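Below is one structure, written out as structure tokens; comments come after it.
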Amino acid sequence: VGWEHALLTSMTSHVLWVPLTVAILHFGLRFPMERRRWASRAALHVAGAIVIAFVRAGIIFALDPWVGWYARPPTFADVLEHALLVNPFTYLTVLCVANAVYYADQLRLRDTQLARAQLHALKAQLHPHFLFNTLNSIAALVHRDPHGSERMIAQLSDLLRGTLDAAGTEEVSLQEELRALQPYLDIQGVRFADRLTVKQDIAQEALTAHVPHLVLQPLVENAIQHGIAPGTEPGTVTLVARRAGPELHLEVRDDGVGLKESPADVSRGTGGGRGLRITRERLVQLYGGAHRLELRDAVGGGTTVALAIPFRTEPSP
156 VGWEHALLTS MTSHVLWVPL TVAILHFGLR FPMERRRWAS RAALHVAGAI
206 VIAFVRAGII FALDPWVGWY ARPPTFADVL EHALLVNPFT YLTVLCVANA
256 VYYADQLRLR DTQLARAQLH ALKAQLHPHF LFNTLNSIAA LVHRDPHGSE
306 RMIAQLSDLL RGTLDAAGTE EVSLQEELRA LQPYLDIQGV RFADRLTVKQ
356 DIAQEALTAH VPHLVLQPLV ENAIQHGIAP GTEPGTVTLV ARRAGPELHL
406 EVRDDGVGLK ESPADVSRGT GGGRGLRITR ERLVQLYGGA HRLELRDAVG
456 GGTTVALAIP FRTEPSP
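Counting the sequence shown from 1 gives a position; the numbering used here is that position plus 155.
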């Protein structure tokens, strides 16, 4: 037997396994081994291995006159006996690969569902947090400025309506996020009157970038509650948005009383109130390590919250 004949028989044998391997993979993914159905799935795959052995034996028996696997013409029973002895091991190997792929996909899907559930839970925590603070603001105005409190209630209604309309939405364009932020700014404008000025420095190209829904509200609230409210002088909150290469940079600056956290908290970026804590957790779920959220002293006094996230014009998958 020359090397040409050995090469022909070996190559043909391997080529025959290509469609059979694809069939086993599809069958294994369609009917994976599961603990609850172990016996029925095992029986199903034993039957599958037998079918594959019959199919391969039939093909080899039909092609043997041209390829010459056997020294003398075999009977179909001879070919089938060899296939039933050898092929189940190959079937089992391919089935293990199919099950590994199946359970890896299931694990990835479970992780995605868990992350989405955690995001919804964190976002749900923001709603009562903002509502509580806003109702406190309204209560403080009821006797001092009844008309102002009425306007705040109307603006709170707009805020809640927008929040409910976007329920289940994790990311929106920055333009939509700024629009959703406006009722909250209006509420704070009534509350602080001439003591609060809000400025926006937003680059045009940044408006199409997608950001986490309700990401600006806790940043602005942090600036107002911890920067402007404790003081007695008028203050300014400035929103800045710029594209920096592959990143979107957002900043919320105030010129208020400045940081009260320890230097260690500031350096770790762990300062701020509950809204910032929830925001940090949401960012980790959405972007992993591909984001930065820093709390630092602003140049000239006050505090800056700086956020960097990937610049995308489509929601994350």
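Glycine residues also receive a C-beta, built at the ideal position from the N, C-alpha and C atoms. Remember, it's a predicted structure, so these values are computed and weren't measured experimentally.
- In the DSSP assignment, Ala364 falls outside any alpha helix (DSSP H) and carries neither an H nor an E.
- Under the three-state reduction of DSSP output, Glu376 falls in the helix class.
- A residue is called buried once 16 or more other Cβ atoms fall within 10 Å of its Cβ, and Met166, having fewer, is exposed.
- With fewer than 16 other beta carbons inside 10 angstroms of its own, Arg334 counts as exposed.
- In the DSSP assignment, the residues bridged to Ile357 are Ala396.
- For Arg185, the closest of Gly303, Tyr258, Ala463 and Arg263 by C-alpha to C-alpha distance is Tyr258.
- Spanning the alpha carbons of Leu247 and Gly444 requires a straight line of approximately 40 Å.
- Put simply, of Phe347, Leu286, Leu371 and Gly303 the residue whose alpha carbon is nearest the alpha carbon of Glu331 is Leu371.
- Look at Gly390 here: in three-state DSSP terms it is strand.
- From the listed residues Phe182, Pro220 and Arg435, the smallest Cα separation to Leu199 is found for Phe182.
- Around the beta carbon of Gly400, fewer than 16 other beta carbons sit within 10 angstroms, so the residue counts as exposed.
- Note that the C-beta distance between Ile205 and Leu171 is not below 8 Å.
- Its Cα nearest to that of Val222, the residue Leu163 stands out among Ala361, Leu163 and Leu262.
- Boundaries of the alpha helix (DSSP H) around Val439: Arg429 to Tyr442.
- Across the set Arg191, Ile357, Asp266 and Thr176, the C-alpha of Ile357 shows the shortest separation from the C-alpha of His404.
- DSSP places Leu336 in the uninterrupted alpha helix (DSSP H) bounded by Leu329 to Phe347.
- Between the beta-carbon of Gln343 and that of Ile379 there is about 6 Å, and that keeps the pair under the 8 Å contact cut.
- Closest in C-alpha terms to Pro373, from the list Thr289, Val256, Leu239 and Arg227, comes Thr289.
- Sequence-distant Cβ neighbours of Tyr225 in its own chain, meaning closer than 7 Å and more than five residues away, are Asp219.
- For Pro187, the three-state secondary structure derived from DSSP is coil.
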